[in-house]
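Structure, as C-alpha cells:
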Amino acid sequence: MAEAEQQPGSCPKDDVQHIPANLSFMVPKKEIHMVPDMGKWKRSQAYVDYIGFILTLNEGVKGKKITCEYKVSESIENLLALLNTLDRWIDETPPIDQPSRFGNKAFRLWYTKLDQEAENLLRSVIPPALGAAVPEVALYLKEAVGNSTRIDYGTGHEAAFAAFLCCLCKIGVLRVDDQLAIVFKVFDRYLKLMRKLQKTYRMEPAGSQGVWGLDDFQFLPFIWGSSQLDVCRVLSCHVDPRDRSSCTRLLIPLLDGTECGPNQLKSLVVVHGAWSSWSELSPCSRSCGGGVKSRRRQCNNPRPFQLLLRFIVDSLLTCNTSACPPLSTASHVRVHGQAREEFHGEPGDAFPGRNEAFGCDGRMDSGKVLDVCGLCGGDSSTCNEITDSYTEGKPREYVTFLTVPLNATHVRIVNSKSLFTHLAVKVNGQYVVSGKGSVSVSSTHPSALEDSRVEYRLHLTEDNLPSSEEVYLLGPVLEETQIQVYRKYGKEYGELTSPSISYSFYIPKEKPSFMWASVTAACSVTCGGGEVEVSFSCVDHESKAVVMEGQCGETSKPERRLEACNQTPCPPVASCGGGVAQRVLYCAHDGEEGEEVLNGTECWAAPKPEEQEPCSLHPCPTRWRVSDAGRCSATCGFGVAERSVTCVQFDRGTDIEVAETQCPAAGKPPTQIPCMVSACTFSWAVQNWTECSASCGNGIQSRQVSCVHQALSQSLSSLFCVCGKLLLQDTGIVDLTEVRTRDCLLSIGRPLGEVIVVKVISSSLNCREREFVLFYDRLMLMKKCERLAGFTRTSRTNVLLIRQGRLAPGSGVLLHYWSQPAPKRYYGDCDVQLFGSSGELVNPVRPSDPGRQTCRTFINVAPSRKIEIRALGVNLASVVNGTQSTYILIRDVDALKTSVFHGNQLFFWRSSGSRAEIEFHGEYLAHPGSFRAEYSVIDP
C-alpha cells in the first residue's frame, strides 16, 4: 500500500475508519531476490514503517508485565477469534501416517483451507469500508503460518505476521491504545498457535542451515520480552568503564562474565542447595536438526542462600533425532541411561560423563539405522529399486533425462565420462548444480546439515581434468528435482564426447488396494425373462485376483441380490411357412380326489384326438442366401473371389429357390468379394544411366529407380525400399511411416555447389519413447522429435543424411526434399564429388588458385555400404619422394579417423561407413595423374 508521509510505524489515534484519498492497495509480490535488493528494502518507506512499528510496540511494553491491565478493543477480540478459528482447524486436520520424520503432509490440507478462506476470515476483522484492503492484507496472513511446499516455519514467517499487524495499524483497524493488547494478547495467541502447528505437523525451521540462534522459529519475543525487563536485574548487564553508575543492557549471551554496576550484582557465591523433583516430559520438539523430549529440575529445594545465578538440569530424551552442532562453552553434556542431561553453569565447571550414539529411533545403542526405503530399522522391503542409463544429449544444451519421483530415496547418478559432458541439477525450477554451460565444483545444497540436501562430487584425474561426477540425494525427495546433462559436442565427434550415465533410486511400493467385485451367475432361462443371482467377492484392484474377504472389510460387503435377465420373448417354433404343433395325449377320468390317469386301453371307446396339427400356415417372406466364397483370383496381394447369391423362401422346414425378382434388389449381396492369400513382395527396377549433365567440370548422371510390385508389375512408392539407399534426384518424397526397421538411414546427394532443403510434411513419432529423426552432413547435425510438422531444414553441403529411430511400427515421418544453389561456397575449384558404386580415383590439380594448399575428392555411397580404395600407382619425382609437405590424407568421416600416406607408397584403405574424404597436398596439386587408384563399394 502507498500513502502520504506519516510518522513511521504510528497507528491512527482517532476512531474513524476510512480510506485516505491518496491510499491505494495492491497484492504484494516478492521484490528481494538477491543481496543487492536488501539495500533497496532498507531505503524504502515500507522498511521505515515496519521497523517503526516494531520499535513503537517495544516502547509500549517497556517495563510492563503481561499481567498488567490494558484495553481490549473489538478489533483485538476479532483478531483473537480469527486465530482461534485457525487453531480449531488444526484439530479438524490431524497428521497422517508417513515414512518421513519431519514435515507432515496434513499441513498442506490445513494451509489449503486457510488459502481459500483467508479473505473471508479477514472480513470479520476489517470493516466493509476498508474492504479494498482485504486482498493485500490476506497475503501477509497466509505467509505468516509457514511454507506449504517445504512444510517449514521460521523468523521470516514471524516477520510476515508483524507486517500483517502493521498493515492493520496503517489502515486504522488497530489503534495506539491497542499496543499492549497487540503484544500481550494477539501476539501471545499467535505464538501458541505456531507452537501447535510446529508440534502437530513437525514443521522444520526454515532456512537456519545449521546457524545457531536464540530460537529457530521466533525472534520478536526476545525483542519485546527484553523490553519488559529491568535491565539492571538480569545477567545481561554490564558497567560502562567511563560511568560506574550506569547499567546498560546488551544483546549478549548469559553468563558473559562481565561485572555489574553498584548495588546491582555483587558477586557469585555458590551455596549448596538441593534439587527439586523432575517435571513431566514435554512433547517431542525439533531442535538443532533433531527432536527432544525434555524434563527439568532446579537447584531450589531449598534455593542456595545469596545465589542469584540459578542452576538448572535438563534431562533430554531424543526423538526424531539427527546430528546437532556442538553446544556453547557455557553448556556441558552428560549421559545417563537413555537420556542426556544439560547443566547450565559458569565456564570452567567440570561435569563427568561420556558421549553416546543414538539409533534412528532415538534410543541410545539401539543400533537401528534407516534402510534404503527411509524407514528406521526397516528391511528395505517396502520399496523398489529403479535403475537405468543414459548416453544421449544435445550439443550445447541442457537435456533433462531424469525427473526424480517424489518420495524417492537413495538417489544416485554417476557420469563416468565428464571430460566433454557434465551433470546439472534443478530443484523447483532453479539450478543448484551447474546450469551455466560449465562443470560445477563439488558442493552440497543447501547445506550439509539438511536432510533434503543435494550432494555433488566431481572427481579429477592426476592432470586435474574431470574424470567422473556423482549426484546423491538421501531423500525422501519432496521437491521437484530434475537431473540434466550437458554435452559440448555431438555424436559426430565419436563416443568419447557422449555421456556415460547410470542412475538408481528407490521408490515406495504401492500399497495394495482391494475392492468388492460383483460375481454374476448364469441366468435361470435363456429367454422369456428370468433371474440371476449377483454376489460379491473381495479382489485385488490391480490384478482382479480374489483374496481373503478380510482385506476388504466384512462390514462393507454388499448384500446378495437377484436381478432380472434375458427379458427378450422366446420365438415360436415356426412363425411362418407351415409347421407342426405337437401335444401330449393320455387317458384319464375325473374322480372325487381330482384327475386320475388310467391305462390307455380303458379309453378305447372314446375317439382318440390327433397328436399333431398344422400351424403357422401363412408363407414366409423371401430372403437372399449367400454361399461360401470360392478360390481367390490372385496368389498374392489383393484379388477377388466368387460366391453364389440366390433368392429363397422357407417352406415346411426347407429353403426353396424362387425367382430373384421376389427378393429386394437393393439388399442383394455382391457375388464378388475382395480376398488376399498372402502379401506380395517388392523389388527395385533400375533403368540405364542418363548422359552426364555437364561436358566438363562437375556434373551428375541419373537413372530411374522404382519400387515394383511383383504381382501387378506396377511402380509403387519406395516406402519399403528407401532405408539404406542414396537418393540422387533433385526432388522427391520420402515416406518413413511404414518402414520395417527401427533404425532407418538414407542419404541424399547432389553436385557440389548445391544444398538440400528438407520439409517435414507430417510426423507420428512418439517423443516419450525417445523416437527421433536426425539430419546431418559434414558441417551440421540436428535431432528433433517435437513440433516436426512443417519443420524445414537446409543442409550446409551437397550431401544430407537422414536417420529415423522409432520403436513402434506405424510411426514415422513423411518428408519432401529438393535442391537449390548453395548460398555460401563450401568447396574449392579443384574439389571433386563422386557418387558411383565404383570408379577411378585421380588426383585433382589446382587450375586457378595457386595459393590453395589442398584439393579434395569426396566419395559418398549408400549408407548401407562401405568404401574400399586401392592405390594403383604413385608417380612423383625422387626429389619429392618422402617429403613431409607432399602426402595424401584420407578421412573416414563416420569414424572421425584420419590416415596419412607419404611418398610413392601404395596402400589399401577401407572405410567404416559410407563417407570418405581424400585430400591431396604438396606436389600432387601440380602434377596431374601423379596418383591413380580405384575405389569400389562393398556390403558391410
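Residues in the sequence shown are numbered consecutively from 20, following this note's numbering. The beta-carbon is built from N, C-alpha and C at its ideal position, and this holds for glycine as well.
- Task: Say whether the region 656-666 touches the region 632-639, bearing in mind that this needs 3 or more beta-carbon pairs closer than 8 Å, one atom from each stretch.
- Result: Put simply, the region 656-666 does not touch the region 632-639. Fewer than three CB pairs are less than 8 Å apart.
ask   = Taking the alpha carbon of Ile70 as the point to measure from, which residue in Trp243, Trp623 and Phe533 has its own alpha carbon closest?
value = In the sequence shown, residue 70 corresponds to position 51, counting from 1. Comparing Cα-Cα distances from Ile70 to each of Trp243, Trp623 and Phe533, the minimum goes to Trp243.
Just list the residues that DSSP pairs Phe482 with in beta bridges. Residue mapping note: residue 482 aligns to position 463 of the sequence shown, counting from 1. Note on residue identity: the sequence assigns Asp, not Phe, to residue 482. Looking at the DSSP assignment, Asp482 forms no beta bridge with any residue, so it has no partner.
By the 10 Å Cβ neighbour count, where 16 or more other Cβ atoms means buried, how is Ser814 classified, buried or exposed? As a first step, residue 814 must be located in the sequence shown, where it is residue number 795. Burial call: buried.
Report task. Alpha carbon to alpha carbon, how far is Glu514 from Arg934? Give it in angstroms, no decimals. Result -> Here the question's residue 934 lines up with position 915 in the sequence shown. Here the question's residue 514 lines up with position 495 in the sequence shown. Straight-line Cα distance between these residues: approximately 18 Å.
Relative to the C-alpha of Phe420, which candidate in Ala443, Leu438, Leu755 and Arg759 has its C-alpha closest?
Numbered from its first residue, the sequence shown carries residue 420 at position 401. When each option's Cα is compared against that of Phe420, the closest is Ala443.
* Just reading off the alpha helix (DSSP H) that Thr104 is part of, what are its end residues? -> Residue 104 sits at position 85 when you count from the first residue of the sequence shown. Counting along the chain, the alpha helix (DSSP H) containing Thr104 begins and ends at Glu93 to Glu111.
Counted within 10 angstroms of its Cβ, other Cβ atoms place Ile432 as buried (16 or more) or exposed:
Numbered from its first residue, the sequence shown carries residue 432 at position 413. Classification for Ile432: buried.
Q. In whole angstroms, what is the alpha-carbon distance linking Thr750 and Thr680?
A. In the sequence shown, residue 750 corresponds to position 731, counting from 1. In the sequence shown, residue 680 corresponds to position 661, counting from 1. Their backbone Cα atoms lie some 58 Å apart in a straight line.
>> Please classify Gln852 as buried or exposed, where buried requires at least 16 neighbouring CB atoms within 10 angstroms.
In response: If you number the sequence shown from 1, residue 852 lands on position 833. Result: buried.
Suppose the cutoff is 7 Å on Cβ atoms and the five residues either side in sequence are ignored; what does the same chain contact list for Ala952 look like? Within the sequence shown, the letter at position 933 stands for residue 952. Counting only Cβ-Cβ distances below 7 Å, and skipping sequence neighbours, we find Leu860, Ile888, Arg889, Ala890 and Leu891.
| query | Counting along the chain, where does the alpha helix (DSSP H) carrying Trp535 start and finish? | reply | In the sequence shown, residue 535 corresponds to position 516, counting from 1. Trp535 -> not in any alpha helix (DSSP H); beta strand (DSSP E) instead, spanning Phe533 to Thr539.
Taking Leu915 as the reference, give the member of Val195, Gly509 and Leu944 with the closest Cα. As a position in the sequence shown, residue 915 is number 896, starting the count at 1. Ranking Val195, Gly509 and Leu944 by Cα distance to Leu915 puts Gly509 first.
> Which two residues bound the contiguous beta strand (DSSP E) that contains Asn403?
Replying inline: To locate residue 403, count along the sequence shown from 1; it is residue 384. According to the DSSP assignment, Asn403 belongs to the beta strand (DSSP E) that extends over Cys402 to Tyr409.
Discussion item. Just verifying my parser: in three-state terms, what is the DSSP assignment at Leu212?
Written reply: Here residue 212 refers to the residue found at position 193 when the sequence shown is read from its first residue. Reduced to three states, the DSSP call for Leu212 is helix.
Mind checking which residues open and close the alpha helix (DSSP H) that includes Tyr159?
As a first step, residue 159 must be located in the sequence shown, where it is residue number 140. From DSSP, the alpha helix (DSSP H) with Tyr159 extends over Val153 to Glu162.
> At which residues does the beta strand (DSSP E) containing Cys786 begin and terminate?
Replying inline: One-based indexing of the sequence shown puts residue 786 at position 767. Run containing Cys786: none; DSSP gives neither H nor E here.
message: Using 9 Å as the threshold, is the C-beta distance between Glu936 and Leu895 below it?
response: Within the sequence shown, residue 936 is the residue found at index 917, counting from 1. Within the sequence shown, residue 895 is the residue found at index 876, counting from 1. No, they are not a contact pair.
Q) Whose C-beta lies closer than 8 Å to the C-beta of Val192 among residues of the same chain, with five residues either side of it excluded? A) In the sequence shown, the residue the question calls residue 192 occupies position 173. Gln36, Ser94, Val144, Ile145, Pro146 and Leu149.
So, at 6 Å on beta carbons, what are the nonlocal neighbours of Tyr845 in its own chain, with the 5 sequence-adjacent residues on each side left out?
For the purposes of this step, residue 845 is identified with residue 826 of the sequence shown, where counting begins at 1. Around Tyr845: Thr816.
- What span of residues does the beta strand (DSSP E) with His464 cover, start to end? Locating residue 464 in the sequence shown gives position 445, counting from the first residue. Per DSSP, His464 belongs to the beta strand (DSSP E) from Ser462 to His464.
- Query: So what's Arg136 in DSSP terms, helix, strand or just coil?
  - Reply: To locate residue 136, count along the sequence shown from 1; it is residue 117. Going by the sequence as given, residue 136 is Glu instead of Arg. Glu136 falls in the helix class under three-state DSSP.
Practice prompt. For Ala200, count neighbouring Cβ atoms within 10 angstroms of its own Cβ and tell me buried if that reaches 16, exposed if not.
Written response: For the purposes of this step, residue 200 is taken as the residue at position 181 of the sequence shown. Under this definition Ala200 is a buried residue.
Check your understanding: Which value, in whole angstroms, describes the spacing of the CA atoms of Thr75 and Val195?
Key -> Working through the sequence shown from its first residue, we reach residue 75 at position 56. Working through the sequence shown from its first residue, we reach residue 195 at position 176. Taking the straight line joining both Cα atoms gives about 9 Å.
| query | Taking the alpha carbon of Phe794 as the point to measure from, which residue in Leu784, Arg806 and Val776 has its own alpha carbon closest? | reply | If you number the sequence shown from 1, residue 794 lands on position 775. Checking every option, the nearest Cα to that of Phe794 belongs to Val776.
**Q.** C-alpha distance - Tyr66 paired with Cys804, whole-angstrom precision
**A.** Walking along the sequence shown from the start, residue 66 turns up at place 47. Walking along the sequence shown from the start, residue 804 turns up at place 785. Cα to Cα, Tyr66 sits roughly 52 Å from Cys804.
Checklist entry - Exposed or buried, what is Gly173 when buried is set at 16 or more other beta-carbons lying within 10 Å of its beta-carbon? => result Here residue 173 corresponds to residue number 154 of the sequence shown, with the count starting at 1. Residue environment analysis places Gly173 among the buried positions, since at least 16 neighbouring C-beta atoms fall within 10 angstroms of its C-beta.
Q. What runs of the beta strand (DSSP E), each 3 residues or longer, lie entirely inside the region 564-624?
A. DSSP assignment within the region 564-624 yields the following whole beta strand (DSSP E) runs of 3 residues or more, N-terminal first: 580-584, 598-601, 607-610 and 613-616.
Can you give me the Cβ contacts of Pro302 inside the same chain, cut-off strictly under 6 Å, excluding the 5 residues immediately before and after it?
The residue you call residue 302 lines up with position 283 of the sequence shown. Closer than 6 Å at Cβ, skipping near neighbours: Lys218.
Give me whichever residues DSSP pairs with Tyr795 in a beta bridge. Residue mapping note: residue 795 aligns to position 776 of the sequence shown, counting from 1. BP columns for Tyr795 point to Leu800 and Leu820.
Q. Taking the continuous alpha helix (DSSP H) assigned at Phe180, which residues delimit it?
A. Position 161 of the sequence shown, counted from the first residue, corresponds to residue 180. Going by DSSP, Phe180 is part of the alpha helix (DSSP H) stretching over Thr174 to Lys189.
Q. How would you write the range of the beta strand (DSSP E) that Trp928 sits in, first residue to last?
A. In the sequence shown, counting from the first residue as 1, residue 928 sits at position 909. Start and end: Phe927 to Arg929.
In whole angstroms, what is the alpha-carbon distance linking Asn103 and Lys413? Against the sequence shown, residue 103 aligns to sequence position 84. Against the sequence shown, residue 413 aligns to sequence position 394. Their Cα atoms are separated by approximately 56 Å.
**Asked** What are the partner residues of Asp559, as DSSP defines its beta bridges?
**Response** Locating residue 559 in the sequence shown gives position 540, counting from the first residue. Bridge partners of Asp559: Phe533.
| query | Does DSSP put Glu676 in a helix, in a strand, or in coil? | reply | Position 657 of the sequence shown holds residue 676. Three-state result, Glu676: strand.
**Prompt:** If you drop the 5 nearest sequence neighbours on each side, which residues of the same chain put their C-beta closer than 8 Å to that of Phe927?
**Reply:** Within the sequence shown, residue 927 is the residue found at index 908, counting from 1. Closer than 8 Å at the Cβ level, and outside the excluded window around Phe927, lie Glu887, Ile888, Arg889 and Ala890.
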